[in-house]
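S.K.: Per full-length UniProt numbering, residue 1 is the first one in the sequence shown, and the count goes up by one each step. Just so it is clear, CB atoms sit at the ideal spot from N, CA and C, and this is done for glycine as well. Here the structure is a predicted model, which means the values were calculated and not measured.
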Amino acid sequence: MDKRKASDEFEIDPNAPARLVDRFGFVKQDQTNSPEGFKSRPTNEHEREERRVKKWRKMIGVGGSDWKHYVRRKPHVVKRRIRKGIPDCLRGLVWQLISGSRDLLLMNPGVYEQLVLYETSASELDIIRDISRTFPSHVFFQQRHGPGQRSLYNVLKAYSVYDRDVGYVQGMGFIAGLLLLYMSEEDAFWLLVALLKGAVHAPMEGLYQAGLPLVQQYLFQFEQLVKEYMPKLGEHFSQEMINPSMYASQWFITVFSYSFPFPLALRIWDVFLYEGVKIVFQIGLALMRFCHDDLIKLPFEKLIHALKNFPEEAMNPDTLLPLAFSIKVSKRLEELDQEYEKRNEGSLQKSGSTHKRMISSRLKQFGGKP
C-alpha cells in the first residue's frame with residue numbers, strides 16, 4: 001500500500017483558478033492576498049516551534065522507538081506536553097503511538113489491502129454519496145474522484161467490511177478525513193479501528209451502532225453535568241426546553257471535527273487520543289461556562305443558534321483548553337455512567353426512542369439517511 005502521507009499528495013485541477021489556502025490546506029474565505037498565514041508568522045514563533053519539535057523528537061525516538069519507555073518514566077511530562085499541543089509535523093506519528101494503532105498495524109500485515117481490494121461492502125453507495133460532504137473546503141478532498149476522496153472511500157469501505165455490525169454511519173467520514181490529513185490510508189484505518197474497538201480507551205463503536213446507544217448515554221451525562229456545574233444555566237435550558245441532542249450530538253459523533261475551527265479541533269484531538277472522551281465533556285462545559293452570562297438571557301430560537309455558533313473568542317485554543325482542563329469530570333462521569341445504566345433499564349427506554357429520533361435528525365447534517 002502507498003505509505004505516503006495524504007498531505008504530500010495534493011492534486012488540484014490545473015484549470016481551476018489559484019486559491020489561497022491556510023497552513024492546514026483549507027481554502028480561505030478571504031481570498032485577498034493578506035499577509036496573514038504561516039509564512040508570515042513571527043520569527044520567535046518559528047524558533048519556539050523548532051525547540052518544541054526537538055524536545056518531542058528526543059521524547060519519541062526514531063520512528064517512535066523510545067515512546068513507550070518515556071511514557072512509563074515520565075507520564076506527567078507527556079501529559080503536559082500533549083495538552084500544550086503536539087507539533088504539527090509529528091502529529092500523525094504521535095497520534096498513532098498514543099492511540100495504540102501502530103501496534104494494530106504491525107500485528108495485522110496485509111489486512112487493510114485485503115479489505116480494500118477483495119471485499120465488498122453493503123455501505124459502498126452510502127459512502128460514495130457522502131464523500132464530497134467531508135471537509136469540502138480542504139484542497140485534498142475537493143477534487144471529485146481525486147486522491148483525497150479515493151483515500152477516504154477506501155478507509156470507510158474497509159472499516160465497513162472489517163466491522164459489519166457497525167458498517168458505515170454519517171459522521172465517521174469526518175474522523176477518517178481528519179486522520180488522512182496526517183497519515184496514510186492504512187495508518188488511518190488502523191487508528192479508526194483503535195478508536196472504535198477501544199485499543200487504549202473505552203470503545204467508540206457505540207456512537208455508530210444501531211440505536212446510537214453511546215450517543216444517548218453521553219448526552220444524558222452531559223445534560224446532568226450542565227445542571228450540576230452551572231445550575232442556573234441548566235434551569236434556563238429546562239425552561240426553554242433545550243436538551244443536548246439539539247446541539248451536542250455532533251460533538252461526540254465527530255469529536256468536534258465537523259464544525260469547530262481546525263486548529264482547535266487538532267488540539268482537542270491531541271488530548272482526546274491520550275486522555276479519552278472526558279475532554280469532549282470538558283470542552284462542552286468550558287464553552288457553556290465561557291458564554292454563560294450570554295446564554296442565560298436568550299430565548300429558545302436564539303439559544304439554539306448560539307449553541308451552534310459560539311463566538312470566535314470562545315474558540316481560541318489557548319483560552320478554551322485551560323478552562324476545560326480546570327473542570328474536573330472523571331469521577332462524576334463514572335457515577336453518571338452507572339446511574340444511566342440503572343435508569344436505562346426502565347424509564348429511559350421510553351425516552352430513548354425520542355432521543356434517537358432527535359439524534360437521527362442531527363445526523364442528517366452529514367448528508368443522507370442516518
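#1: Considering only DSSP beta bridges, list what PHE256 is partnered with.
#2: Can you list the alpha helix (DSSP H) stretches of 4 or more residues lying completely in the stretch 252 to 326, in chain order?
#3: Given a cut-off of 8 Å, decide if PHE281 and residue 411 are closer than it, judged by their beta-carbon atoms.
#4: Beta carbon of LEU273, beta carbon of PRO317: below 8 Å?
#5: First and last residue of the alpha helix (DSSP H) that includes TYR218?
#6: Does the distance from the CB of PHE260 to the CB of MET315 come in under 8 Å?
#7: Look up VAL200 in the DSSP assignment and say whether it is helix, strand or coil.
#8: What separation, rounded to the nearest whole angstrom, lies between the Cα atoms of LYS68 and LEU196?
#9: Ignore the nearest five residues each way along the sequence and tell me which others in TYR159's own chain have a CB closer than 6 Å to its CB.
#10: Can you give me the C-alpha to C-alpha distance between MET59 and MET204, rounded to a whole angstrom?
#11: Between TYR70 and VAL62, how many whole angstroms is the CB-CB distance? I'm expecting something under 8 Å.
#12: Quick one: using the 10 Å Cβ neighbour count with 16 as the cut-off for buried, is LYS342 buried or exposed?
#13: Quick one: grab the DSSP three-state call for HIS236.
#14: Under a three-way DSSP split, which group does PHE189 fall into?
#15: In chain order, what residues of the same chain have a beta carbon less than 8 Å from the beta carbon of GLU49, not counting five sequence neighbours either side?
#16: Can you name the start and end residues of the alpha helix (DSSP H) that MET241 belongs to?
#17: For ARG19, does the three-state DSSP call read helix, strand or coil?
#18: Could you say which of VAL155, PHE237, ARG129 and GLU345 lies nearest to ILE175 if we only look at CA atoms?
#19: Less than 8 Å separating the beta-carbons of VAL169 and TYR208?
#20: I need the DSSP call for HIS138, collapsed to helix, strand or coil.
#21: VAL27 by DSSP, collapsed to three states: which one?
#22: Run through DSSP, which three-state label would GLN250 get?
#23: Please confirm if the stretch 225 to 239 is in contact with the stretch 326 to 342, defined as three or more CB-CB distances below 8 Å between the two stretches.
#24: Going straight from the alpha carbon of ARG19 to that of GLN143, what length do you get?
#25: Provide the residue span of the alpha helix (DSSP H) that contains MET183, from first to last.
#26: Any idea what DSSP makes of VAL116, helix, strand or coil?
#27: Could you confirm whether any beta carbon from chain C is found closer than 8 Å to the beta carbon of VAL280?
#28: What's the gap between the Cα of GLU240 and the Cα of PHE300?
#29: Helix or strand or just coil, what does DSSP make of SER160?
#30: Let's test the definition: count the other Cβ atoms within 10 Å of the Cβ of TYR258 and tell me whether it reaches 16, buried, or not, exposed.
#31: Under a three-way DSSP split, which group does ILE127 fall into?
#32: Do GLY100 and ALA202 have their beta-carbon atoms positioned less than 8 Å apart in this structure?
M.R.: If we stick to the structure as given:
#1: The residue given as residue 256 occupies position 256 in the sequence shown. Partner(s): none; PHE256 has no beta bridge.
#2: Within the stretch 252 to 326, complete alpha helix (DSSP H) segments of at least 4 residues are found at 262 to 275, 278 to 290, 292 to 295, 300 to 308 and 317 to 325, given in chain order.
#3: Only positions 1 to 370 of the chain appear in the structure, and residue 411 is not among them; the question remains open.
#4: The residue labelled residue 273 in the question sits at position 273 within the sequence shown. The residue labelled residue 317 in the question sits at position 317 within the sequence shown. Contact flag unset, no.
#5: Stepping through the sequence shown from its first residue, residue 218 is reached at position 218. Segment 213 to 229, the alpha helix (DSSP H) holding TYR218.
#6: Locating residue 260 in the sequence shown gives position 260, counting from the first residue. Locating residue 315 in the sequence shown gives position 315, counting from the first residue. The Cβ atoms of PHE260 and MET315 sit closer than 8 Å to each other.
#7: Indexing the sequence shown from 1 puts residue 200 at position 200. DSSP, read as helix, strand or coil, puts VAL200 in coil.
#8: Here the question's residue 68 lines up with position 68 in the sequence shown. Here the question's residue 196 lines up with position 196 in the sequence shown. Near 22 Å, if we compare the C-alpha coordinates of LEU196 and LYS68.
#9: Within the sequence shown, residue 159 is the residue found at index 159, counting from 1. Excluding positions up to five away in sequence, the list reads LEU192.
#10: Position 59 of the sequence shown, counted from the start, is the residue given in the question as residue 59. Position 204 of the sequence shown, counted from the start, is the residue given in the question as residue 204. Approximately 29 Å between the Cα atoms of the pair.
#11: By one-based count along the sequence shown, residue 70 stands at place 70. By one-based count along the sequence shown, residue 62 stands at place 62. Approximately 13 Å separates the beta-carbon atoms of TYR70 and VAL62; this is outside 8 Å, ruling out the contact.
#12: In the sequence shown, counting from the first residue as 1, residue 342 sits at position 342. An exposed status is given to LYS342, since fewer than 16 other beta-carbon atoms sit within 10 Å of its beta-carbon.
#13: To locate residue 236, count along the sequence shown from 1; it is residue 236. Under the three-state reduction of DSSP output, HIS236 falls in the helix class.
#14: Within the sequence shown, the letter at position 189 stands for residue 189. Reduced to three states, the DSSP call for PHE189 is helix.
#15: Counting from 1 along the sequence shown, the entry for residue 49 is found at position 49. Cβ neighbours of GLU49 beyond the five flanking positions: PRO87.
#16: In the sequence shown, the residue the question calls residue 241 occupies position 241. Taken as a continuous stretch (DSSP letters only), MET241 belongs to no alpha helix (DSSP H), as it is neither H nor E.
#17: In the sequence shown, counting from the first residue as 1, residue 19 sits at position 19. Coil at ARG19, not helix or strand.
#18: In the sequence shown, counting from the first residue as 1, residue 175 sits at position 175. Out of VAL155, PHE237, ARG129 and GLU345, VAL155 has the C-alpha closest to the C-alpha of ILE175.
#19: One-based indexing of the sequence shown puts residue 169 at position 169. One-based indexing of the sequence shown puts residue 208 at position 208. In this structure, VAL169 sits near TYR208, with a CB-CB distance shorter than 8 Å.
#20: Reading the sequence shown from its first residue, position 138 is the one you call residue 138. Note: HIS138 maps to strand in three-state DSSP.
#21: The count along the sequence shown starts at 1 and reaches residue 27 at position 27. Note: VAL27 maps to strand in three-state DSSP.
#22: Your numbering for residue 250 matches position 250 in the sequence shown. The answer is helix: DSSP assigns GLN250 an H, G or I state.
#23: A contact is defined here as three or more CB-CB pairs under 8 Å, and the stretch 225 to 239 meets this definition with respect to the stretch 326 to 342.
#24: Taking the first residue of the sequence shown as 1, we reach residue 19 at position 19. Taking the first residue of the sequence shown as 1, we reach residue 143 at position 143. Here the alpha carbon of ARG19 sits roughly 14 Å from the alpha carbon of GLN143.
#25: As a first step, residue 183 must be located in the sequence shown, where it is residue number 183. Here MET183 belongs to no alpha helix (DSSP H), and DSSP marks it neither H nor E.
#26: In the sequence shown, residue 116 corresponds to position 116, counting from 1. VAL116: helix per DSSP, three-state reduction.
#27: This model lacks chain C altogether; it includes just one protein chain.
#28: As a first step, residue 240 must be located in the sequence shown, where it is residue number 240. As a first step, residue 300 must be located in the sequence shown, where it is residue number 300. When rounded, the distance between both Cα atoms is 5 Å.
#29: Here residue 160 refers to the residue found at position 160 of the sequence shown. In this structure, SER160 counts as helix in the three-state DSSP scheme.
#30: The sequence position of residue 258 within the sequence shown is 258, counting from 1. Buried is the call here.
#31: Indexing the sequence shown from 1 puts residue 127 at position 127. In the structure shown, ILE127 falls within a helical segment according to DSSP collapsed to helix, strand and coil.
#32: As a working mapping, residue 202 is identified with position 202 in the sequence shown. As a working mapping, residue 100 is identified with position 100 in the sequence shown. In this structure, GLY100 does not lie closer than 8 Å to ALA202 by Cβ.
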